[in-house]
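In what follows, a structure is listed as structure tokens, so that the remarks can point back to it.
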Amino acid sequence: MTDTRQTRVLTGITTTGTPHLGNYVGAIKPAITASRSADVDSFMFLADYHALIKNHDPKQIHQSSVEIAATWLALGLDPNTVTFYRQSDVPEIMQLCWVLSCWTAKGLMNRAHAYKAVVQANEAAGEDPDYAVTMGLFSYPILMAADILMFNAAKIPVGRDQIQHVEMARDIAQRFNHHYGEHFVLPEAAVENNVAVLQGLDGRKMSKSYNNTIPLFDTEKKLRKAINKIKTNLLEPGEPKDPDSSTLFQLWQAFASAQQSDAMRQEFANGIAWGEAKKQLFELVNEELREPRQRYT
């Protein structure tokens, strides 16, 4: 039985691609840590229906769902304390989605940022505004509302680009409650201002789109090779280096304790060789991921 003093927090997990270090630091680790709080009733789900918007290959979606579920479990998600499920295994979500669709004004969907961005891109390219726009993309916020309202989640951890979706879910819930009584909890966005955004191998944001990621569960050999590819400047050993402009140091901070970060900052001031810094970074990251990697495999 859920402790009534707990706040129900719902986290959706995308089921596309192979998780990388950026996903781990920015999303997976914070969510798992938060789920261990005594005042949180944590719900986490694999958003495989949402994946259909961009991927129509059922085999890929299934394989990705399995890999990502295994990743979260290997990294410490406890299914005994977290309600962990796959979106497509709960048919009531789609049933609720249809009911909510019948109460949602088209004008609200017209204002969705994702839809407007596609329309603007089409117009800029001289295409019809709705070129290649599917109803899945257009009505995506309604499915997200159903995800949230189905389980009466109160808090939804999101980045700033997702705030509108939670606000839309709240608007839809208010409209439904007005007509049928107070059935739905009105959700609030829990904006994650302090989530780390890791740089990739080339210094840009770590992203599959840039092909600059470090896969989370690469073998030790591949992990070492990837870290050795991290872009650095031409400063020689013995020359002081700026940690605040270094991708290496940013990665170090994401995995190190405050004391370890202070020590490495001093190493940079002392002119640590890039090769030595990469060696130490590999050892730090590999140590944290060694046991999860074994559980995953």
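Counting from -12, one number per residue, gives the positions in the sequence shown under my numbering.
Yeah, the Cβ is synthetic: ideal placement off N, Cα and C, and Gly gets one too.
Cutoff 6 Å; reference T88; Cβ partners in own chain excluding five residues on either side: For the record, residue 88 in the displayed sequence is Ser; it is not Thr. Once the five neighbours on either side are set aside, the close Cβ partners of S88 are I129.
message: Checking 8 Å against the spacing of the C-beta atoms, do D134 and I48 come in under that value?
response: No, these two residues do not count as a Cβ contact at 8 Å.
message: Assuming M31 and L95 are in contact, meaning their beta carbons sit under 8 Å apart, how far apart are those beta carbons, in whole angstroms?
response: Not quite, the Cβ-Cβ distance comes to about 27 Å (not below 8 Å), so this is no contact.
query: Where are the alpha helix (DSSP H) runs, 4 residues long or more, that stay fully inside the region 109 to 163, in chain order?
result: With a minimum length of 4 residues, the continuous alpha helix (DSSP H) runs that stay inside the region 109 to 163 are 122 to 125 and 127 to 137.
message: Excluding the 5 residues flanking A286 on each side, which residues of the same chain have their C-beta closer than 7 Å to its C-beta?
response: Since the first residue shown for the chain is -12 and the last is 284, residue 286 is missing from the structure and cannot be characterised.
For S194, the three-state DSSP class (helix, strand or coil): In the structure shown, S194 falls within a coil segment according to DSSP collapsed to helix, strand and coil.
task: Would you identify the three-state DSSP class for P45, choosing helix, strand or coil?
output: It is helical.
message: Tell me which residues share the same chain as R157 and place their Cβ nearer than 6 Å to its Cβ, disregarding the 5 neighbours each side in the sequence.
response: If we look at R157 and ignore the five residues flanking it on each side, its Cβ neighbours are L173 and P174.
- request: Let me know the secondary structure DSSP gives E223 once reduced to three states.
  value: The answer is coil: DSSP assigns E223 none of H, G, I, E or B.
- prompt: My guess is that A141 and T(-6) are in contact by the Cβ rule of under 8 Å, so how many angstroms apart are they, rounded?
  reply: A141 to T(-6), Cβ: 5 Å. Contact.
message: Quick check on H100: does DSSP put it in helix, strand or coil?
response: Reduced to three states, the DSSP call for H100 is helix.
field: Cβ contact check for the region 184 to 192 and the region 119 to 129: 3 or more pairs under 8 Å
entry: Under the 8 Å Cβ criterion, the region 184 to 192 does not count as touching the region 119 to 129, having fewer than three qualifying pairs.
query: Taking the alpha-carbon positions, what's the H7 to T200 distance?
result: The C-alpha of H7 lies about 6 Å from the C-alpha of T200.
- request: In the DSSP assignment, find the unbroken alpha helix (DSSP H) run with G262 in it and report its ends.
  value: Residues W261 to Y283.
task: Please report how far the alpha carbon of P279 lies from the alpha carbon of I55, in whole angstroms.
output: If you take the alpha carbons of P279 and I55, they lie about 13 Å apart.
- request: Specify, as a first and last residue, the run of the beta strand (DSSP E) that R73 falls within.
  value: Here the beta strand (DSSP E) through R73 covers T70 to R73.
Where the alpha helix (DSSP H) containing A248 begins and where it ends: It should be pointed out that residue 248 corresponds to Ser in this sequence rather than to Ala. Its alpha helix (DSSP H) spans residues A245 to A256.
field: Residues sharing a beta bridge with P202, DSSP
entry: Answer is H7.
field: Which of helix, strand or coil DSSP assigns to M86
entry: First, the residue type needs correcting, since residue 86 is Val and not Met in the sequence shown. V86 carries a helical assignment under DSSP once its states are collapsed to helix, strand and coil.
query: How long is the line joining the alpha carbons of N220 and F171, rounded to whole angstroms?
result: Approximately 54 Å, taken between the alpha carbons.
query: In chain order, what residues of the same chain have a beta carbon less than 7 Å from the beta carbon of L33, not counting five sequence neighbours either side?
result: Only I0, T2, S52, I55, A56, R73 and Q74 meet the Cβ criterion.
- prompt: What does a CB cutoff of less than 6 Å around A264 pick up in its chain, not counting 5 residues either side in sequence?
  reply: So the list reads L235, once near-sequence residues are dropped.
task: Determine the direct distance from the alpha carbon of T68 to that of N215, and round the result to whole angstroms.
output: Approximately 39 Å, taken between the alpha carbons.
field: For A104, the nearest candidate out of G63, C84 and D148 (CA to CA)
entry: When C-alpha distances from A104 are compared across G63, C84 and D148, the shortest belongs to D148.
field: Close-in-space but distant-in-sequence residues of the same chain around R191 (CB under 7 Å, 5 per side omitted)
entry: A distance below 7 Å between beta-carbons, with the five flanking residues on each side excluded, links R191 to the following residues of its chain, in chain order: Y197 and N199.
field: When S232, I15 and M137 are compared against L62, the one with the closest alpha-carbon
entry: In terms of CA proximity to L62, I15 leads the group S232, I15 and M137.
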